Amino acid sequence: MRVLITNDDGLDAEGLYLLEELALQFTDDVCVVAPLSNQSGVGRAISLHKDIEFVRRDERHYGVSGTPADCVMMALNLLYADQKPDLVLSGINHGMNVADDVGYSGTIGAAMEAAIVDVPAVALSQRFFQGQMDFTPVKSVGPQVLAAALDIQIPPRTVLNINFPEARLGPVKGIKRATLDEHKFSDEIMPGHTPNTYRIGPLVMREKVNQGSDRWWLNEGFVTFTPLHMNATDLKLLAKFPEKDF
Numbered sequence: 106m107r108v109l110i111t112n113d114d115g116l117d118a119e120g121l122y123l124l125e126e127l128a129l130q131f132t133d134d135v136c137v138v139a140p141l142s143n144q145s146g147v148g149r150a151i152s153l154h155k156d157i158e159f160v161r162r163d164e165r166h167y168g169v170s171g172t173p174a175d176c177v178m179m180a181l182n183l184l185y186a187d188q189k190p191d192l193v194l195s196g197i198n199h200g201m202n203v204a205d206d207v208g209y210s211g212t213i214g215a216a217m218e219a220a221i222v223d224v225p226a227v228a229l230s231q232r233f234f235q236g237q238m239d240f241t242p243v244k245s246v247g248p249q250v251l252a253a254a255l256d257i258q259i260p261p262r263t264v265l266n267i268n269f270p271e272a273r274l275g276p277v278k279g280i281k282r283a284t285l286d287e288h289k290f291s292d293e294i295m296p297g298h299t300p301n302t303y304r305i306g307p308l309v310m311r312e313k314v315n316q317g318s319d320r321w322w323l324n325e326g327f328v329t330f331t332p333l334h335m336n337a338t339d340l341k342l343l344a345k346f347p348e349k350d351f
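Each number in this note's numbering comes from the position in the sequence shown (counting from 1) with 105 added on.
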């Protein structure tokens, strides 16, 4: 099995290192192509109208001066031009990627870039408590979780979004199928550190949590599996629109 790994936290992120270790338990054909700098929150953005560095660190690790989606695009064209990888793993993100926030995620954006060219893709994220980095859940059940993901026949143009619960909740209870919850990162804009600058405010958690959603099961101490499809067409609403010739 040929596996391509990327992330949005950067080439030297702890989560990326852990994901590589995890993948190597299943195959020795692993290649890492990740951003040279932190790219959190860039979604599926790509770098247009500018040169992108593609830096070889060693035979299995490469850095890209661009977005996570750039990393996947560059890897598929420069390293896997003759044969696509069998799987793309993106993560392990430093923080959860759930609910309405998935559209912001560079971790998920990279996985989507693979999915649109029919490469099975999995995005993995570790939820933290108040910013305290603790990957204990990943370290304890990561192999079982990845094995369960590999048992799934991921359909074309679909990303499997996996989130691990906070370490403070104790041993992971299991895996749950979950829908996306309703939750937006922040609506607050705060002054920046220099004149005429601003910053998007801190994460504010929505108090209401929908039962059976990703946030619901994470709060209960479970790993969540949520399939995300690239085709976002609302088929029910589409069927209601009239058609007319002019």
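All residues carry an ideal CB built from backbone N, CA and C; glycine is no exception.
If you're wondering where the values come from, they're calculated on a predicted model, not measured in any experiment.
Taking 8 angstroms as the threshold (beta carbon to beta carbon), is residue i in contact with chain B?
i	result
Met179	Absent from the structure: chain B. Only one protein chain is present.
Among the options, which residue has its Cα nearest to the Cα of residue i?
i	options	result
Gly146	Ile305, Gly326, Asp319, Leu265	Ile305
Glu293	Asp286, Gln130, Thr284, Pro307	Pro307
Arg282	Leu333, Met238, Asp339	Leu333
Pro276	Ser245, Asp156, Asp133	Ser245
Phe269	Leu251, Gln188, Ser170	Leu251
Ala272	Thr302, Gly236, Asn336, Val203	Gly236
Cys176	Val137, Ile197, Gly200, Gly208	Val137
Asn324	Met335, Phe233, Ser195	Phe233
Val108	Gln258, Arg311, Leu274, Val224	Val224
Asn336	Val227, Ile221, Val243, Ser230	Ile221
So what's residue i in DSSP terms, helix, strand or just coil?
i	result
Ala204	helix
Val224	coil
Arg320	helix
Arg107	strand
Leu251	helix
Leu342	helix
Ser245	helix
Ala219	helix
Ile213	helix
Arg311	coil
Leu274	helix
Provide the residue span of the beta strand (DSSP E) that contains residue i, from first to last.
i	result
Asn266	263–269
Lys281	280–282
Phe330	328–334
On the DSSP bridge assignment, give the partners of residue i in chain order.
i	result
Met295	Arg304
His199	Gln231
Gln237	Phe234
Segments of 3+ residues assigned as beta strand (DSSP E) that fall wholly inside the region 114–195: With a minimum length of 3 residues, the continuous beta strand (DSSP E) runs that stay inside the region 114–195 are 134–140, 159–163, 166–169.
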